[in-house]
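Protein chains in written order, with the working numbering: chain A, 1 to 360; chain B, 1 to 360; chain C, 1 to 360; chain D, 1 to 360.
Even for Gly, the Cβ is constructed at its ideal location relative to N, Cα and C.
Each remark here refers to the structure printed beneath this line.
Number of protein chains: 4
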Amino acid sequence: MTRPINLFEYESLAPQHLSPMALDYYASGAWDEVTLRHNRTAFERLKLRPRMLVDVSQRDLITEILGQFFPLPILIAPMAFQCLAHPEGELATAKAAAELGAVMVLSTMSTKSLEEVARLRQETNPWFQLYVHRDRSLTQALVERAEANGFTALCLTVDAPVLGRRERDQRNQFTLPPEMELANLTTMANLEIPQTEGESGLFTYFTQQLDPGLTWRDVEWLQSLTKLPVVVKGILRGDDALRAVEHGVKAIIVSNHGGRQLDGAIATIDALPEVVAAVGDAAEVLIDGGIRRGTDVFKALALGAKGVLVGRPVLWGLAVDGEAGVRHVLQLLRDELDVAMALSGCANLKDIDASFVKRL
Amino acid sequence: MTRPINLFEYESLAPQHLSPMALDYYASGAWDEVTLRHNRTAFERLKLRPRMLVDVSQRDLITEILGQFFPLPILIAPMAFQCLAHPEGELATAKAAAELGAVMVLSTMSTKSLEEVARLRQETNPWFQLYVHRDRSLTQALVERAEANGFTALCLTVDAPVLGRRERDQRNQFTLPPEMELANLTTMANLEIPQTEGESGLFTYFTQQLDPGLTWRDVEWLQSLTKLPVVVKGILRGDDALRAVEHGVKAIIVSNHGGRQLDGAIATIDALPEVVAAVGDAAEVLIDGGIRRGTDVFKALALGAKGVLVGRPVLWGLAVDGEAGVRHVLQLLRDELDVAMALSGCANLKDIDASFVKRL
Amino acid sequence: MTRPINLFEYESLAPQHLSPMALDYYASGAWDEVTLRHNRTAFERLKLRPRMLVDVSQRDLITEILGQFFPLPILIAPMAFQCLAHPEGELATAKAAAELGAVMVLSTMSTKSLEEVARLRQETNPWFQLYVHRDRSLTQALVERAEANGFTALCLTVDAPVLGRRERDQRNQFTLPPEMELANLTTMANLEIPQTEGESGLFTYFTQQLDPGLTWRDVEWLQSLTKLPVVVKGILRGDDALRAVEHGVKAIIVSNHGGRQLDGAIATIDALPEVVAAVGDAAEVLIDGGIRRGTDVFKALALGAKGVLVGRPVLWGLAVDGEAGVRHVLQLLRDELDVAMALSGCANLKDIDASFVKRL
Amino acid sequence: MTRPINLFEYESLAPQHLSPMALDYYASGAWDEVTLRHNRTAFERLKLRPRMLVDVSQRDLITEILGQFFPLPILIAPMAFQCLAHPEGELATAKAAAELGAVMVLSTMSTKSLEEVARLRQETNPWFQLYVHRDRSLTQALVERAEANGFTALCLTVDAPVLGRRERDQRNQFTLPPEMELANLTTMANLEIPQTEGESGLFTYFTQQLDPGLTWRDVEWLQSLTKLPVVVKGILRGDDALRAVEHGVKAIIVSNHGGRQLDGAIATIDALPEVVAAVGDAAEVLIDGGIRRGTDVFKALALGAKGVLVGRPVLWGLAVDGEAGVRHVLQLLRDELDVAMALSGCANLKDIDASFVKRL
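So, in structure tokens, the structure goes:
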């Protein structure tokens, strides 16, 4: 095997390392997967307008997010069940992220517990992604554990009051293999992904356990539990972004859950400008969805994002080569961004403004 | 056979249960089938802008149409010759519709008579679709029979002064098998679909029997015959919608007859906004054409429709599994709408407004 | 063989009746054939907005062009070398046209002479298409012969100062078979299509014989030779249309020569509105290019054309079944227009206005 | 083999005459090759609006660029390593260019030295393309040699502070075969393209040798070294074009390096209008990228370019038939432009204005 030279080559290799059920779980979008595809094509419609004859001999990708500095504007999106991709699961991902100074967002639904991840004692601390369970004491306990274990932000997923219908999972009756568990939850509440006839077990879990009644007041409640900043993930409208600001949110992630929740939802890169315009300087805006090339990162930054979250490509790297694969995926993307900046005449992230993209 | 999990899977299964002539009759659009395809692609161009952190723990799909309440905003479009799909034909469809509280619109050209359908004594009464014959006494008698048998609205099809050219039917010399009949018409007037050399028998029937001279005055005449509300089906322009209102119409169905009449006609979802804008509160607007997913229903409601009519998918369900198949098709669509509402932050139909869609 | 039911079926059958060289000559467009394809796709982008509940029991396709009345708004475009398609060539086409009351435009480059065509003594007289030769006396003689033989208009082709590069003809070294001749020209001037090494003979003929120096003054000169109205064919810009009017032209044909001259030229249906707007009532506007369905005719009329010219489909009909084939092609198109009018709520051509089309 | 009749046929033949590594080097664009493709499709979206009845019996393609007159508005773009295509390499290209009176731009990275090219003593002198090395004395020496050897302009490439990532080259570990050398550089500085593990040697060369710190001040420095005009190649924005003018540049080449540098960059024909508008009469604007047909040249001229540079097609001609192949490629393109002008009613280049194109 030649070493992959871009993220798409990792995508091509991943199926050799994944069970069909896991592959489907990672790859699939909701219903007809229109949004999944559109997340990509929307990037292609944006054309770059590079600037020439700027001194780019020293490039710097340093990024400030929520008052912390990172060497690159790339984060790892929260993704469940990473042991499906590799035995080390979230631990491998966390190590690779920390080596590059990238924030990893650990999922509530991880197959390694937040304590195990924290025990790695990395320099770059991860964020903790939160699904709010009907049992609020469970949520409160998770928040306390995250804070106690050095996580630096809470990332509240708001686009999943119910689970999106991923029909491949439904056909596969997706569930976790017996040797894996909801590492953050089994010990506390004996929760697990059920086996359900003709249905995705994860869909059933969400219906039974998670709270579809969450509102903006709960964001305030959540913030009241912790000193960690609450980041809201899953916003696609300017008015919702403004509401987030009004409820004290300091960072927003423009996301459609990788096309896995509401199929037909607007591509994230198309939603980004209205969110950025709505919040102005009152909050930081991040984005995920379809980031596969350094130029995608560049386009997102040009339209006002402070950083991007990468999801599936990290899983491909994890499946293909564990920690080293994740590290390589991040390096490839970072290096592509670096080249894209050089070729656009941007020596720093702050040089990248909206004049660099045009929708054609 | 695994149970279908969406309407497209019913479409895939239907050919095993239908004669080639029936399959062609159901599937075909007029001429080059441009409008048939465009009805679908026009939905895909509309992107959704979901709202987050709304309490959607209790969703309610209750719909008010013409002063009546229904548990879902989905009706069954009038379709001829349902015994081609299943021996129980329109009776199976009517029973499934009533079980879910959905209005079925029974076609003038049904293969079970309106009396047989009425004899089922369902809670949710059907509407009766009307083609106006050259012999007006025939039409008058049909209206009287519909009213006497408890139908609750008359749905006048106005887009078929002549029949659209469906070339598959023309090649097949489409006609009814000898064991089927125009159940509403044979007893009254001995009418039947002829066998015609090199021509669709239905095309010939329309040319000979139906009135291409119908005007808005006839709508008033029709209304004068009955206390039932007259619903006009087949409007694609704002000015026509306004004319409908001026002639006392209380509900309009935006329709291009499933792409079966004027090929090249505008997609219904693209015509909907101008119709809604033209009539304001003076009439209720419904829509059919290309509805295959709950998100399509959601988009139509967002653009001002009070409800949608579903056609071909009901026939696929009927062909595959009779009454149970129709019921399942309706359930799938309803449940998809329910999920789409949850994921969009809409607990009730009235929460769904134009801000939820954007044409990109 | 089943009888074709639309023009595309004639297209499918034609190759069985044509030599490869003739097939290529008829089918090809210039260079990459972009305009050839775009003539069709531009029609598809225009959506129809039909009007309902208009009395269409009596439809009337009567058309007035240059003061003459015709039963349909469809003419036969000038096309060279029709004996390549059928031994009777232009005579078969002329007879079929006259039977339906359609104007045929006879090409200067016909394989039957204008006198032979005139000898048919049809009720609907043809027009004569003119290429202006460098030898102006030749042109003058052609004009005199056309007038003397009862042709009712001169159609001056203005988009061919040189011949467009049709690469299939170039590869085929296209020329006429020895048994065919330029029937209008051989007797006068011994002209014939040469055989040229590595080149289309027709291209060489144009370069040697036709006048690339033609200007608007020559239109006036041409008009001075005859009482027949001069129709200018090949206009694609409003300013050129205005120039035509200023030089006394009474009818303009919007044409890109079926995509055979300047590849990349605008589709005719996209150029039509600006030409119509430029000339107002000062001249009549006709159009050719990509007309394959009655709805295409309808769209052209809606955008202001008085009539359309049909080219290749006539040749397909001629190849497949001679005079009967041409007649059937015209009938099919006329009947499709008739149905399209009925379904749009237009009983007469004058009912068809710009409100019936929308570009989406 | 039949002689090719257009540039695409040369493209089809070229692979038979090239090593896979050379073929990939010539064909490839950066990353996903989006810009490579978009350079072509952007031309197709521009529709032509030809003018009729203009006397085009005498056409003239004479072009003035930087005060010099040329018989055609077509130049040969700078391209490295032409001995990969043919043993005579840049010498064959230079001879063919001169025979037609076309300017050849010789690359810094040529496999024949600028002195060898100059020794041909052609009437039409070439330009010299300049990459600025970190070692500025090297650059200064190149400038002096170019001026001393009769080159008439310096073409400074500004879009390559680092090399674009061409993944085919990376996979091939692209380098020069041992028998070829950087003819302008080996004698001076012993520079050569290295062999690099898992990497394109050219990429490594750029990283090591070329100066990513170049700014507009260096343009002034360069101009101070020579009386030759400095042409800046690689501009895609109006503001950069204005900056060029402010720094004394007299000619600008709108280019994205044939899609080989920043993938996702705007197509050159889409960037041209803003550059032309920005500079007005203060500088001349040329363009390259995707020119394959005479109509492409015509479109570029219509949007304000004074001339176009052609790249890959010249290499295809060189590979297929050496000097004769290059000459034929240029002839084909020139003759197509000549026909396009005739068919558009343009006898001279100055007749071609923006009214001839419309984006649809």
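Glu11 of chain D, enclosing beta strand (DSSP E) - first and last residue: Numbered from 1 along the fourth sequence, position 11 holds the residue referred to as residue 11 of chain D. That residue, Glu11 of chain D, is in no beta strand (DSSP E); its alpha helix (DSSP H) goes Leu7 to Leu13.
Check whether Ala14 of chain A and Arg166 of chain A have beta carbons under 7 Å apart: Numbered from 1 along the first sequence, position 14 holds the residue referred to as residue 14 of chain A. Numbered from 1 along the first sequence, position 166 holds the residue referred to as residue 166 of chain A. At least 7 Å separates the beta-carbon of Ala14 of chain A from that of Arg166 of chain A.
Cross-strand partners of Cys155 of chain D (DSSP beta bridge): Here the question's residue 155 of chain D lines up with position 155 in the fourth sequence. Cys155 of chain D pairs with D:Gln129 and D:Val231.
Rounded straight-line distance, which links the Cα of Gly290 of chain B to that of Arg40 of chain B: Counting from one through the second sequence, the residue named residue 40 of chain B turns up at place 40. Counting from one through the second sequence, the residue named residue 290 of chain B turns up at place 290. Cα to Cα, Arg40 of chain B sits roughly 5 Å from Gly290 of chain B.
Best match in C:Ala265, C:Glu336, C:Asp263 and C:Arg312 for proximity to Asp263 of chain B [C-alpha to C-alpha]: For the purposes of this step, residue 263 of chain B is taken as residue 263 along the second sequence, with counting starting at 1. When only C-alpha atoms are compared, the closest one is C:Glu336.
Sequence-distant residues of its chain with Cβ nearer than 8 Å to Lys47 of chain B (five each side left out): Here residue 47 of chain B refers to the residue found at position 47 when the second sequence is read from its first residue. Excluding sequence neighbours, Lys47 of chain B sits near Val357, Lys358, Arg359 and Leu360.
7 Å Cβ cutoff met for Val245 of chain C and Ala283 of chain C: Within the third sequence, numbered from 1, the residue matching residue 245 of chain C stands at position 245. Within the third sequence, numbered from 1, the residue matching residue 283 of chain C stands at position 283. Yes. Within cutoff.
Check whether Val56 of chain A and Ala342 of chain A have beta carbons under 7 Å apart: As a working note, residue 56 of chain A is residue 56 in the first sequence. As a working note, residue 342 of chain A is residue 342 in the first sequence. Their beta carbons are under 7 Å apart, which means Val56 of chain A touches Ala342 of chain A by this criterion.
Whether Ile287 of chain B touches Val254 of chain B by CB criterion (7 Å): The sequence position of residue 287 of chain B within the second sequence is 287, counting from 1. The sequence position of residue 254 of chain B within the second sequence is 254, counting from 1. Between Ile287 of chain B and Val254 of chain B, the CB-CB gap stays under 7 Å.
Rounded C-alpha distance that separates Glu220 of chain D from Arg145 of chain D: Walking along the fourth sequence from the start, residue 220 of chain D turns up at place 220. Walking along the fourth sequence from the start, residue 145 of chain D turns up at place 145. Cα to Cα, the separation comes out at about 19 Å.
Cutoff 6 Å; reference Leu23 of chain D; Cβ partners in own chain excluding five residues on either side: Position 23 of the fourth sequence, counted from the start, is the residue given in the question as residue 23 of chain D. Annotation for Leu23 of chain D: Pro15 place their beta carbon closer than 6 Å to its own, counting only its chain and skipping 5 residues before and after.
Distance between Val231 of chain A and Ala251 of chain A (C-alpha atoms, nearest Å): As a first step, residue 251 of chain A is located in the first sequence; it is residue number 251 there, counting from the start. As a first step, residue 231 of chain A is located in the first sequence; it is residue number 231 there, counting from the start. Between Ala251 of chain A and Val231 of chain A, the C-alpha separation is close to 5 Å.
Residues of the segment 32–56 of chain C with Cβ closer than 9 Å to any Cβ of chain B, in chain order: Phe43, Glu44, Leu46, Lys47, Leu48, Arg49, Pro50, Arg51, Met52, Leu53, Val54, Asp55 and Val56
Min CB distance Asp296 of chain D to chain A below 7 Å: The residue labelled residue 296 of chain D in the question sits at position 296 within the fourth sequence. No, Asp296 of chain D does not count as interfacial toward chain A.
Any chain D beta carbon closer than 7 Å to Val339 of chain A: Taking the first residue of the first sequence as 1, we reach residue 339 of chain A at position 339. Yes, Val339 of chain A counts as interfacial toward chain D.
Coarse secondary structure for Thr124 of chain C, derived from DSSP in three states: Walking along the third sequence from the start, residue 124 of chain C turns up at place 124. Three-state result, Thr124 of chain C: coil.
Those residues which DSSP pairs with Ala139 of chain B across a bridge: In the second sequence, the residue the question calls residue 139 of chain B occupies position 139. For the sequence presented, residue 139 of chain B should be read as Thr rather than Ala. Looking at the DSSP assignment, Thr139 of chain B forms no beta bridge with any residue, so it has no partner.
Buried versus exposed call for Leu120 of chain D [16 or more other C-beta atoms within 10 Å across all chains shown]: On the fourth sequence, residue 120 of chain D is found 120 positions in, with the first residue counted as 1. When all chains shown are included, Leu120 of chain D counts as exposed.
Glu147 of chain A (DSSP reduced to helix, strand or coil): Here residue 147 of chain A corresponds to residue number 147 of the first sequence, with the count starting at 1. In the structure shown, Glu147 of chain A sits in a helix (DSSP, three-state: H, G or I).
Classification of Glu90 of chain B by the beta-carbon crowding that lies within 10 angstroms, buried from 16 upward: The residue labelled residue 90 of chain B in the question sits at position 90 within the second sequence. Glu90 of chain B should be labelled buried.
Integer-rounded CB distance, given that Gln173 of chain D should sit under 8 Å from Ser137 of chain D: Here residue 137 of chain D corresponds to residue number 137 of the fourth sequence, with the count starting at 1. Here residue 173 of chain D corresponds to residue number 173 of the fourth sequence, with the count starting at 1. Not really, about 31 Å apart at Cβ, beyond 8 Å.
CB contact check: Gly213 of chain D to chain A, cutoff 7 Å: Taking the fourth sequence and counting its residues from 1, the one referred to as residue 213 of chain D is at position 213. Answer yes: the Cβ-Cβ gap between Gly213 of chain D and chain A drops below 7 Å somewhere.
Integer Cβ distance of Glu274 of chain D from Ala96 of chain D, believed to fall under 8 Å: Taking the first residue of the fourth sequence as position 1, residue 274 of chain D is located at position 274. Taking the first residue of the fourth sequence as position 1, residue 96 of chain D is located at position 96. Between Ala96 of chain D and Glu274 of chain D the Cβ distance is about 34 Å, and since that is not below 8 Å, they are no contact.
Cross-strand partners of Ile76 of chain A (DSSP beta bridge): Looking up residue 76 of chain A in the first sequence gives position 76. Answer is A:Met104 and A:Val310.
C-beta atoms of Arg59 of chain C and Asp338 of chain C nearer than 7 Å: For the purposes of this step, residue 59 of chain C is identified with residue 59 of the third sequence, where counting begins at 1. For the purposes of this step, residue 338 of chain C is identified with residue 338 of the third sequence, where counting begins at 1. Cβ atoms of Arg59 of chain C and Asp338 of chain C: closer than 7 Å.
Residue closest to Phe151 of chain C, alpha-carbon to alpha-carbon, out of C:Met79, C:Trp127, C:Thr157 and C:Glu64: Along the third sequence, one-based indexing puts residue 151 of chain C at 151. Selected option, being the one with the closest Cα: C:Trp127.
Burial state of Gly67 of chain C (16 or more Cβ within 10 Å): Within the third sequence, residue 67 of chain C is the residue found at index 67, counting from 1. The residue in question, Gly67 of chain C, is exposed, as its Cβ has fewer than 16 Cβ neighbours within 10 Å.
Unbroken alpha helix (DSSP H) run spanning Val249 of chain D, endpoints: Position 249 of the fourth sequence holds residue 249 of chain D. Unbroken run through Val249 of chain D: none, as it is neither H nor E.
Beta-carbon gap between Gly198 of chain A and Gln261 of chain A smaller than 7 Å: Position 198 of the first sequence holds residue 198 of chain A. Position 261 of the first sequence holds residue 261 of chain A. With a cutoff of 7 Å on beta-carbon distance, Gly198 of chain A and Gln261 of chain A are scored as not near each other.
Within chain D, the residues that Arg293 of chain A reaches when beta carbons sit closer than 9 Å: What you label residue 293 of chain A is simply residue 293 of the first sequence in a count that begins at 1. What Arg293 of chain A touches in chain D: Trp31, Asp32, Asp263 and Gly264.
Ala42 of chain B and Asp270 of chain B closer than 7 Å at C-beta: Within the second sequence, the letter at position 42 stands for residue 42 of chain B. Within the second sequence, the letter at position 270 stands for residue 270 of chain B. Yes. Within cutoff.
Inter-residue spacing [alpha-carbon to alpha-carbon] between Thr157 of chain B and Asp321 of chain B: Counting from one through the second sequence, the residue named residue 157 of chain B turns up at place 157. Counting from one through the second sequence, the residue named residue 321 of chain B turns up at place 321. Between Thr157 of chain B and Asp321 of chain B, the C-alpha separation is close to 29 Å.
Same chain, Cβ closer than 6 Å to Phe70 of chain D, neighbours up to 5 away in sequence not counted: Residue 70 of chain D sits at position 70 when you count from the first residue of the fourth sequence. Short of 6 Å from the beta carbon of Phe70 of chain D, and not among the five residues preceding or following it, lie these beta carbons of its own chain, in chain order: Thr63 and Gly101.
Test: Asp288 of chain A CB closer than 7 Å to a CB of chain B: For the purposes of this step, residue 288 of chain A is taken as residue 288 along the first sequence, with counting starting at 1. For Asp288 of chain A, the answer is no, since every Cβ of chain B falls outside 7 Å of its Cβ.
Euclidean distance between Cα positions of Arg134 of chain B and Leu214 of chain B: As a first step, residue 134 of chain B is located in the second sequence; it is residue number 134 there, counting from the start. As a first step, residue 214 of chain B is located in the second sequence; it is residue number 214 there, counting from the start. Taking the straight line joining both Cα atoms gives about 9 Å.
Beta carbon of Val326 of chain B nearer than 7 Å to that of Thr93 of chain B: Translated into positions along the second sequence, residue 326 of chain B becomes position 326. Translated into positions along the second sequence, residue 93 of chain B becomes position 93. Yes, these two residues count as a Cβ contact at 7 Å.
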